[in-house]
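Peer 1:
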Amino acid sequence: MATYTKPALNPQTFDELIQRLTQDEQERRRAIGIVQNEGALAFGDEYFALTDKQREMMVEVTSDPAEAFRWKALIGQGLADGIPISIIPVETESSIDISIHTEDVDIDIHIECPI
Numbered sequence: 218m219a220t221y222t223k224p225a226l227n228p229q230t231f232d233e234l235i236q237r238l239t240q241d242e243q244e245r246r247r248a249i250g251i252v253q254n255e256g257a258l259a260f261g262d263e264y265f266a267l268t269d270k271q272r273e274m275m276v277e278v279t280s281d282p283a284e285a286f287r288w289k290a291l292i293g294q295g296l297a298d299g300i301p302i303s304i305i306p307v308e309t310e311s312s313i314d315i316s317i318h319t320e321d322v323d324i325d326i327h328i329e330c331p332i
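Counting from 1 along the sequence shown, just add 217 to a position and that's the residue number in the working numbering.
1) Report, in whole angstroms, the separation of the C-beta atoms of proline 228 and isoleucine 302, which I expect to be a contact under 8 angstroms.
2) Across which residues does DSSP place alanine 225 in a beta bridge pair?
3) Let's see if you can read the secondary structure: which residues bound the alpha helix (DSSP H) around glycine 295?
4) What is the DSSP secondary structure of threonine 230, counted as helix, strand or coil?
5) Just verifying my parser: in three-state terms, what is the DSSP assignment at glycine 261?
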């Protein structure tokens, strides 16, 4: 049996995961279930070797029930609908934002976090 080492969470490994989930329907459904049932931190733990700083940041931003719901809803819906989700490294506090482009209505989800 092969041993799998989880990658560190960074913009590249996150993009690779999103691409993999786009191509693997069964794994994508599993990921959506993790997000919806257990939250954003559980999703991060499932797919990445989070640093202490990343874990603390996720606990902080999801400690408020309304924010925890927002993270779950946006990430879960983004995965379900195939909306591009990306991580943008920042120096300060983290946030999650949606960008909506007009015309054909493109939607992107951007997660800003210290990495």
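Virtual Cβ for every residue (Gly too), placed ideally from N, Cα, C.
Peer 2: According to the structure data:
1) Within the sequence shown, numbered from 1, the residue matching residue 228 stands at position 11. Within the sequence shown, numbered from 1, the residue matching residue 302 stands at position 85. Between isoleucine 302 and proline 228 the Cβ distance is about 11 angstroms, and since that is not below 8 angstroms, they are no contact.
2) Mapped onto the sequence shown, residue 225 falls at position 8. Paired residue(s): Ala266.
3) By one-based count along the sequence shown, residue 295 stands at place 78. 282-298 is the span of the alpha helix (DSSP H), which, as asked, contains glycine 295.
4) One-based indexing of the sequence shown puts residue 230 at position 13. Note: threonine 230 maps to helix in three-state DSSP.
5) The residue you call residue 261 lines up with position 44 of the sequence shown. Of the three classes helix, strand and coil, the one that applies to glycine 261 here is helix, per DSSP.
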